[in-house]
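A.B. asks:
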Amino acid sequence: MSDIALRRALGQGARVLRQTRAMFTTSATEEATAPTASTPATDIKPFTDLPGPKGWPILGSFPDYFKKENQGQMHELMRRRHRQFGKIFREQFGPRHNVAVADPALLEEILRKEGKYPSRPPYESWVLYNTLRNRQGGLMTSDKEYWRRSRSALATKLRPKAVSDYVEGMNQVCVDLVDRIGYLKDEKGGTHLVPRLLNELNKFTMETADLINQRIDEVSKELESGETVEGEHVDFMKYVVSTHQLSRNEIVDNIIEIFMGGIDTTANSLAFLFYLLAKNEHIQTKLIAEIDNVLGKRQPGSSDLQNMSYLKACVKETLRLFPPIPMNARTTTEDMTIGGYFIPKDTILMLNVYVMSHDENIFPDPDEFRPDRWMRGEEEVAPSPFSFVPFGFGTRSCVGRRIAESQIYLATIQILQRYWLKKSDKFDIKPSVRTQFTPGPELPVMFVER
Numbered sequence: 001m002s003d004i005a006l007r008r009a010l011g012q013g014a015r016v017l018r019q020t021r022a023m024f025t026t027s028a029t030e031e032a033t034a035p036t037a038s039t040p041a042t043d044i045k046p047f048t049d050l051p052g053p054k055g056w057p058i059l060g061s062f063p064d065y066f067k068k069e070n071q072g073q074m075h076e077l078m079r080r081r082h083r084q085f086g087k088i089f090r091e092q093f094g095p096r097h098n099v100a101v102a103d104p105a106l107l108e109e110i111l112r113k114e115g116k117y118p119s120r121p122p123y124e125s126w127v128l129y130n131t132l133r134n135r136q137g138g139l140m141t142s143d144k145e146y147w148r149r150s151r152s153a154l155a156t157k158l159r160p161k162a163v164s165d166y167v168e169g170m171n172q173v174c175v176d177l178v179d180r181i182g183y184l185k186d187e188k189g190g191t192h193l194v195p196r197l198l199n200e201l202n203k204f205t206m207e208t209a210d211l212i213n214q215r216i217d218e219v220s221k222e223l224e225s226g227e228t229v230e231g232e233h234v235d236f237m238k239y240v241v242s243t244h245q246l247s248r249n250e251i252v253d254n255i256i257e258i259f260m261g262g263i264d265t266t267a268n269s270l271a272f273l274f275y276l277l278a279k280n281e282h283i284q285t286k287l288i289a290e291i292d293n294v295l296g297k298r299q300p301g302s303s304d305l306q307n308m309s310y311l312k313a314c315v316k317e318t319l320r321l322f323p324p325i326p327m328n329a330r331t332t333t334e335d336m337t338i339g340g341y342f343i344p345k346d347t348i349l350m351l352n353v354y355v356m357s358h359d360e361n362i363f364p365d366p367d368e369f370r371p372d373r374w375m376r377g378e379e380e381v382a383p384s385p386f387s388f389v390p391f392g393f394g395t396r397s398c399v400g401r402r403i404a405e406s407q408i409y410l411a412t413i414q415i416l417q418r419y420w421l422k423k424s425d426k427f428d429i430k431p432s433v434r435t436q437f438t439p440g441p442e443l444p445v446m447f448v449e450r
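Take the sequence shown: its letter number 380 is residue 380 in the UniProt record's numbering, and every next letter is one higher.
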């Protein structure tokens, strides 16, 4: 083929790619190139002015996420993207254009503009699970009026005072976890390592979930027998069933999503905390001193947690370094402006929690484990509450947050009452993202009897 013919063929190919790309581009993106009647041409910049990677024809940025060095490392890829393009940028994924955001002020702006029914893209795995089991779904996968009704029925009894009623039951599960670790750890080999520790932590959170799931049938029978429901500390399940806001199947669907959805996130957060404490012995020593001073060897009660500020700081700092879900999302339900840019309806907003929590302009030394940054009297490092949102924000934040935090507090206390966490010879992890942050199946931490 001659040079002229080759250039002609390449030119024709480029025109075909442009035409194909145009067919797959959403009309909303085309309309967004200039302000409309609902977006007056003042200082609002068009959607197409948003910075971002050029990407491939038709595919956009998809190939970047499948490169070997980026597999499981989307959080770090997004960190590099924001360093290059700024606090807000646009990225093409096939026919869609998503907008990535990593700025507390922009998150606050998004929250203020959310309507009555904040929407987010569904978790495909949960959608498939619900479809295969003919379930309607719960808070994580629902939208609009059913989502509002579910949240209204559940949120009240998942507040701190209500969750405290389950501390006694959670403590017993923690005792089982501590005993299980003592049984599994390799003392004969001298390593004191626990094989497949993350699996054991998953079992722990599943057993905690069972404490509440088992109450569904019991409560239904109690209410059918005429038992009344009253008082500030009414059992969670009893309260939800008695309100009659949700059917029995809807209650089951919501409970499954709240607790099953939290199993991996809680287990992963515990694993990360154990890793960080083993890595930072001086911090672990300070935390053990607080536990010994407040509790000695007795089990903690809900009131004890109020006197354990350093424990809470350690957990908070762990969630900052390794947020359970490193990236949250919203779907715009109407045309709006964000950061001075026009954003069309049905655009997916990728809210990069991990990137914000590792921003040196918000958190000095962002990659260091420094629980003291959260202690009262220390310099305030998060000028906006939107700088630190490991459980999401607004009305679509995680309603099971208090249960997850209580599980982490109680398990950490009972583990440290019995064991020192020590570094193993192969002390390293490479956190990866599979929807959630995970340290991997094996944790290089030794459990040494105190």
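Cβ coordinates follow ideal geometry from the N, Cα and C atoms, glycine included.
Leaving out five residues on either side along the sequence, give the residues of the same chain with a beta carbon under 8 Å from the beta carbon of Ala-329.
C.D. replies: When the five nearest sequence neighbours on each side are left out, the beta carbons in the same chain lying within less than 8 Å of the beta carbon of Ala-329 are those of Arg-120, Pro-121, Ile-348, Leu-349, Met-350 and Leu-351, in order along the chain.
A.B. asks: Asn-361 lies in the beta strand (DSSP E); which residues open and close that run?
C.D. replies: No beta strand (DSSP E) contains Asn-361, which DSSP labels as neither H nor E.
A.B. asks: Quick one: grab the DSSP three-state call for Val-389.
C.D. replies: DSSP places Val-389 in coil when its eight states are reduced to three.
A.B. asks: Using a 10 Å radius around the Cβ and a threshold of 16 neighbouring Cβ atoms, would you call Tyr-419 buried or exposed?
C.D. replies: buried
A.B. asks: Do Leu-416 and Leu-287 have their CB atoms nearer than 8 Å?
C.D. replies: yes
A.B. asks: Can you name, in chain order, every residue of its own chain whose Cβ lies under 8 Å from the Cβ of Leu-273, other than the five neighbours on each side?
C.D. replies: Cys-314, Val-315, Thr-318, Ile-408 and Thr-412
A.B. asks: Given a threshold of 16 other Cβ atoms within 10 Å of its Cβ, counted over all protein chains shown, does residue 453 qualify as buried or as exposed?
C.D. replies: The structure shown does not extend to residue 453, since the chain is modelled only from 1 to 450, so the question has no answer here.
A.B. asks: Going by beta-carbon coordinates alone, are Thr-265 and Gln-436 separated by less than 8 Å?
C.D. replies: yes
A.B. asks: Jot down the residue ranges of each uninterrupted alpha helix (DSSP H) in the stretch 310-359, minimum 4 residues, whole runs only, in chain order.
C.D. replies: 353-357
A.B. asks: Under a Cβ-count criterion, where at least 16 other Cβ atoms within 10 Å of its own Cβ denotes burial, should Ala-9 be classed as buried or exposed?
C.D. replies: Annotation note: pLDDT 40 at Ala-9 (below 50); position unreliable, no value reported.
A.B. asks: Taking the alpha-carbon positions, what's the Val-448 to Leu-421 distance?
C.D. replies: 6 Å
A.B. asks: Check whether the stretch 100-114 and the stretch 385-396 are in contact - that is, three or more C-beta pairs closer than 8 Å.
C.D. replies: yes
A.B. asks: What did DSSP end up calling Gln-172 once you bin it into helix, strand or coil?
C.D. replies: In the structure shown, Gln-172 sits in a helix (DSSP, three-state: H, G or I).
A.B. asks: Could you check what DSSP says for Met-308 in three-state terms: helix, strand or coil?
C.D. replies: coil
A.B. asks: Quick one: grab the DSSP three-state call for Thr-412.
C.D. replies: helix
A.B. asks: Starting from the Cα of Ala-267, find the closest Cα among Ile-343, Leu-410, Gln-299 and Gln-306 and give me that residue.
C.D. replies: Leu-410
A.B. asks: Measure the C-alpha to C-alpha separation of Lys-312 and Ser-152 and round it to an integer number of angstroms.
C.D. replies: 28 Å
A.B. asks: Shortest alpha-carbon distance to Pro-51 belongs to which of Phe-85, His-75 and Asp-43?
C.D. replies: Checking every option, the nearest Cα to that of Pro-51 belongs to Phe-85.
A.B. asks: Is any heavy atom in the ligand MG found nearer than 7 Å to the beta carbon of Asp-359?
C.D. replies: Absent from the structure shown: the ligand MG. Ligands present: none.
A.B. asks: Among Ile-325, Tyr-341, Pro-326 and Lys-345, which residue has its Cα nearest to the Cα of Glu-334?
C.D. replies: With distances taken between Cα atoms, Glu-334 lies closest to Lys-345.
A.B. asks: Hey, quick one: how far does the alpha helix (DSSP H) through Leu-107 stretch, first residue to last?
C.D. replies: 104-113
A.B. asks: Just tell me which of Arg-298, Asn-280 and Val-99 has its CA closest to the CA of Asn-171.
C.D. replies: Arg-298
A.B. asks: Quickly, what does DSSP pair Ala-100 with across the bridge? List them, please.
C.D. replies: Phe-89 and Met-350
A.B. asks: Nearest CA to the CA of Thr-331: which residue from His-97, Glu-145, Met-74 and Arg-79?
C.D. replies: His-97
A.B. asks: Give me the DSSP bridge partner(s) of Ser-432.
C.D. replies: Thr-438
A.B. asks: Just to confirm my understanding: we take Lys-45, look at its own chain, exclude 5 residues before and 5 after, and list those with CB closer than 8 Å. What are they?
C.D. replies: Gly-340, Tyr-341 and Phe-342
A.B. asks: Among the residues of its own chain, which have a CB less than 8 Å from the CB of Asn-307, if the five just before and after it don't count?
C.D. replies: Val-294
A.B. asks: Which partner residues of Phe-447 appear in the DSSP bridge assignment?
C.D. replies: Leu-421
A.B. asks: Using a Cβ-Cβ cut-off of 7 Å (strictly less than) and excluding sequence neighbours within five positions of His-323, which residues of its own chain qualify?
C.D. replies: The sequence given here places Pro at residue 323; His does not occur at that position. Val-353, Tyr-354, Ser-357, Pro-390 and Phe-437, listed in sequence order.
A.B. asks: Taking the Cβ atom as the reference point for each residue, do Ser-432 and Gly-72 lie within a distance shorter than 8 Å?
C.D. replies: yes
A.B. asks: According to DSSP, is Asn-280 helix, strand or coil?
C.D. replies: coil
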